[in-house]
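A.B. asks: Sharing a structure below in structure tokens format, with a few things to ask.
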Amino acid sequence: MKKFIILVPIDFSKSSYVVLKKTLNFAKKKDADIHIVHVVENPLFLKQIDLDSIKESTFRELSKDFPLLKKENYHCISGKIKVEINNTAKILDADMIIMGKSGETHFLNELFMGSSTKEIVNYAQIPVLVVKSDHNLEYQNILVLTDLSNDSAKAIREIIKIFSNSHIKLLNLFSPPLDNKIDIYGFNEEDLLQYQSDLEKKSQKKIDAFLDSLALPKNINISASAKKSSLSPKSFKEEMADINFDLIAIHAVQNNVSFFAFDILEHSDVDVFIVK
């Protein structure tokens, strides 16, 4: 049986070491293999010293803090970061990528998420866990945004496979189609409240039916709810304040991660799992 394989991009910053240390603990509990990739993107370095020498030097540096790492599990490659990380994942048949939030520059310490992270997340063909918080990679409650599609169902099964001991909280966001025509149409406040209540009940029935259609084993800890939302990333944190979660999971397709997902990834205080 194939072992679970995790790929960790590293830039040798202190923060990237933090991510690697967390991943090693996570992998040990999952009996998974870890591979590390460092991408030399600047061609000027290769004019001064060859790639094999860079690999030897960087592995020695890495071994100072992680002496148990196997050399054959360390990959030093030149090229574009997003391309080479994706290619390495393909060659290794990796199951997921775990990385910090700012890619190749400052990882956890950067105020805004760097372009490297966005490019890797968008280009990757496998799930990407973006580490944004200080705690270990152990999640009690995972908030999973779902659009109730077949692709979302597939993503949910993937999440359950990786985080089988967590409480999976499916959430379908709905937004009432209300605009400035409400007053013109003659809706009063009571009508509006009734309309929103009916819409919430209808949305809850849909996600309940969706959960039933997943036909998951009874031992899986999973719940489903529908919630009114403005669908604005800026309001997302406030709107989710009454839900307890320490990881948020979002389904996406390769090369088409939505602006909504990227904005959540940018502003989330908790780790974010992008499932392809």
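Here the sequence shown is numbered in UniProt numbering, starting from 1 and rising by one per residue. Where is the CB? At the ideal position from N, CA and C, for every residue including glycine.
1. Could you tell me which of V253, A252, V8 sits nearest to L92, measuring between CA atoms?
2. Identify the continuous beta strand (DSSP E) that holds I250 and give its terminal residues.
3. DSSP beta-bridge partners for G100?
4. Use the C-beta contact count for A155: other C-beta atoms within 10 angstroms, 16 or more gives buried, fewer gives exposed.
5. Can the beta-carbon of I10 be found closer than 9 Å to that of I36?
6. Do the segment 115-125 and the segment 76-91 make contact, defined as three or more Cβ pairs closer than 8 Å?
7. Kindly indicate which three-state DSSP category V270 falls into: helix, strand or coil?
8. According to DSSP, is S166 helix, strand or coil?
9. Find the nearest neighbour of V131 within the set I222, S258, D246, judged by alpha-carbon distance.
10. Ordered along the chain, which non-local residues of its own chain (more than five positions away) have a Cβ less than 6 Å from that of F107?
11. Residue range of the beta strand (DSSP E) that A224 falls in?
12. In chain order, what residues of the same chain have a beta carbon less than 6 Å from the beta carbon of L111, not counting five sequence neighbours either side?
13. Could you tell me which residues DSSP pairs with D33 in its beta bridges?
C.D. replies: In this structure, then:
1. The sequence position of residue 92 within the sequence shown is 92, counting from 1. Checked all of V253, A252, V8; the closest Cα to L92 is V8.
2. For the purposes of this step, residue 250 is taken as the residue at position 250 of the sequence shown. 247-251 is the span of the beta strand (DSSP E), which, as asked, contains I250.
3. Counting from 1 along the sequence shown, the entry for residue 100 is found at position 100. Paired residue(s): V131.
4. Locating residue 155 in the sequence shown gives position 155, where the first residue counts as 1. Counting Cβ neighbours within 10 Å, A155 comes out buried, since at least 16 surround it.
5. The sequence position of residue 10 within the sequence shown is 10, counting from 1. The sequence position of residue 36 within the sequence shown is 36, counting from 1. Yes, they are a contact pair.
6. yes
7. Taking the sequence shown and counting its residues from 1, the one referred to as residue 270 is at position 270. Reduced to three states, the DSSP call for V270 is coil.
8. Taking the sequence shown and counting its residues from 1, one reaches residue 166 at position 166. Three-state DSSP puts S166 in coil, outside helix and strand.
9. On the sequence shown, residue 131 is found 131 positions in, with the first residue counted as 1. Checking every option, the nearest Cα to that of V131 belongs to D246.
10. Within the sequence shown, numbered from 1, the residue matching residue 107 stands at position 107. Legend: pLDDT at F107 = 39, less than 50; position of this residue unreliable, no value from coordinates given.
11. Within the sequence shown, numbered from 1, the residue matching residue 224 stands at position 224. Looking at the DSSP string, the run of the beta strand (DSSP E) that includes A224 is 222-228.
12. As a first step, residue 111 is located in the sequence shown; it is residue number 111 there, counting from the start. Low confidence applies here, because L111 scores a pLDDT of 33, under 50, leaving its location unreliable and the question unanswered by this model.
13. Walking along the sequence shown from the start, residue 33 turns up at place 33. Partner(s): I5.
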